[in-house]
Amino acid sequence: MENSDVKISRKKPIYPVSVELRKYLRSYQREARLPVGYSDLLNFYESFPVIDKNGKDTLWQSPLYPPHDIERLHNGLKRAYAMLKASGNLRIVEHKYIDKIEYCTFGNSNPFRIKIVNRLNDIYDYFYVKKADASRIYGLELEEIFSPNQVNYLVDGNSLIEEHIAGIPGDVFLKTRLEHTDYNPKRIAKEFVKFNERCMITLLGDMRAYNFVMQITPDFDDYQFRLRAIDFDQQFYEGNMKVYMPQYFKENLSYVQLAMEHLTDKTVLQYQQEEQSSIVHQVRSERHRLAALRDVSKKDNISTSEKILELRAGLAQFHNNPDYYRCLTMTDIIELNVKNVIRQVRL
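In structure tokens form, the structure reads like this:
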């Protein structure tokens with residue numbers, strides 16, 4: 120595995136949700152009439168920085184709202200949480216209250232992070248309110264279809280609410296847990312290889328360490344690890360092939376070094392094939408949903424012709440496969456990626 124720095128477009132545009140994509144979302148119960156939208160949360164008059172326990176700026180802001188508006192926002196957010204978690208059953212929020220609303224000025228989506236707390240036992244959860252970006256929605260759907268993970272979100276007009284994906288941020292894991300004596304480094308390296316393979320096939324870009332989390336599960340004799348993407352803004356937008364390969368980001372260097380130290384070429388290939396087999400299984404079980412999403416995304420304008428030409432040329436050379444030159448859309452490229460994987464698994 121290699122590692123280098125990869126440049127990404129400074130500001131990817133927010134792509135609107137098309138009529139066809141909204142129909143798809145409605146068919147798969149992803150659309151809802153939300154009581155509070157993204158624009159409602161923008162109506163704050165002042166904000167102050169959120170500082171972490173070590174005194175560092177987190178790049179999040181704590182917005183202040185007019186007193187007369189707070190109750191409406193909090194009630195609406197609790198109802199939205201009930202819609203996200205329990206199909207609108209308000210009993211799950213009877214004893215909950217909104218503890219914090221925080222706003223991020225960093226990145227494309229400028230999300231709001233909502234902390235909701237159960238007053239009976241102080242157990243808390245988070246969810247997010249964001250701009251509805253078609254790129255992100257396609258990324259969430261492809262994560263649902265291709266990965267072993269479930270994602271939970273709802274869309275209403277220009278608003279998107281998302282469930283919090285629990286885990287240790289990938290960069291924090293590197294700083295605080297990588298040297299943990301109870302953790303098997305080969306298992307961590309294996310998971311990074313499989314994650315790298317899935318991102319490449321599904322064209323999920325910009326998976327730097329702070330854009331994914333590490334989930335750790337104690338097993339009866341060891342710990343299991345899973346890397347999960349938490350940022351889907353860079354779904355099949357960029358033309359540089361390396362954007363879709365986490366191994367090339369300098370922020371992931373320690374994961375790459377771990378793989379180079381603990382895995383052989385043969386085991387790397389084995390883990391890549393395991394991930395390919397998993398994707399083929401998902402494709403077969405979700406083929407109708409995948410076909411519906413393909414038909415919608417092919418018609419959507421979610422990248423530029425220059426980036427599509429650059430990416431297909433890069434992949435044609437990388438795979439030594441001229442079929443990529445026939446791809447006219449980012450969707451065509453993913454479809455060919457998947458077809459190639461299916462062929463390899465059958466061999």
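In short: position in the sequence shown from 1, add 119, done, that's this note's numbering.
Cβ coordinates follow ideal geometry from the N, Cα and C atoms, glycine included.
{"Asked": "For R445, count neighbouring Cβ atoms within 10 angstroms of its own Cβ and tell me buried if that reaches 16, exposed if not.", "Found": "exposed"}
{"Asked": "Please determine, among V312, R296, F225, the residue with the shortest C-alpha to C-alpha distance to T177.", "Found": "F225"}
{"Asked": "Beta strand (DSSP E) containing V248: first to last residue?", "Found": "243-250"}
{"Asked": "With which residues is R500 paired in a DSSP beta bridge?", "Found": "What the structure shows of the chain is the stretch from 120 to 466, and residue 500 is not part of that stretch, so it cannot be assessed."}
{"Asked": "Between which two residues does the alpha helix (DSSP H) carrying D159 extend?", "Found": "157-160"}
{"Asked": "Out of R296, N277, K305, state which residue places its alpha-carbon closest to the alpha-carbon of V138.", "Found": "N277"}
{"Asked": "Note down the Cα distance separating L231 from N439, rounded to an integer number of angstroms.", "Found": "Here residue 231 is Phe; the residue named in the question, Leu, does not match the sequence. C-alpha separation (whole angstroms): 44 Å."}
{"Asked": "Taking the straight line between their C-alpha atoms, what separation do you get for D419 and H214?", "Found": "43 Å"}
{"Asked": "Taking only runs that begin and end inside the region 186-213, name each unbroken alpha helix (DSSP H) of 4 or more residues, in chain order.", "Found": "186-205"}
{"Asked": "So S404 is in the beta strand (DSSP E); what residue range does that whole segment cover?", "Found": "Careful: S404 lies outside any beta strand (DSSP E), inside the alpha helix (DSSP H) at 384-404."}
{"Asked": "Using CA atoms only, rank isn't needed, just tell me which of K130, I133, G258 is closest to T321.", "Found": "G258"}
{"Asked": "Would you say Y222 and K234 are within 8 Å of each other, going by their C-beta atoms?", "Found": "no"}
{"Asked": "Report yes if the C-beta distance between R238 and Y216 is below 8 Å; otherwise report no.", "Found": "yes"}
{"Asked": "What are the boundary residues of the alpha helix (DSSP H) that includes K426?", "Found": "424-438"}
{"Asked": "Decide if F311 is buried, meaning its Cβ has at least 16 other Cβ atoms within 10 Å, or exposed.", "Found": "buried"}
{"Asked": "Name, in chain order, the residues that DSSP records as bridge partners for Y363.", "Found": "In the DSSP output, where bridge partners are listed per residue, Y363 has none listed."}
{"Asked": "Would you mind reading off the limits of the alpha helix (DSSP H) that contains N315?", "Found": "304-321"}
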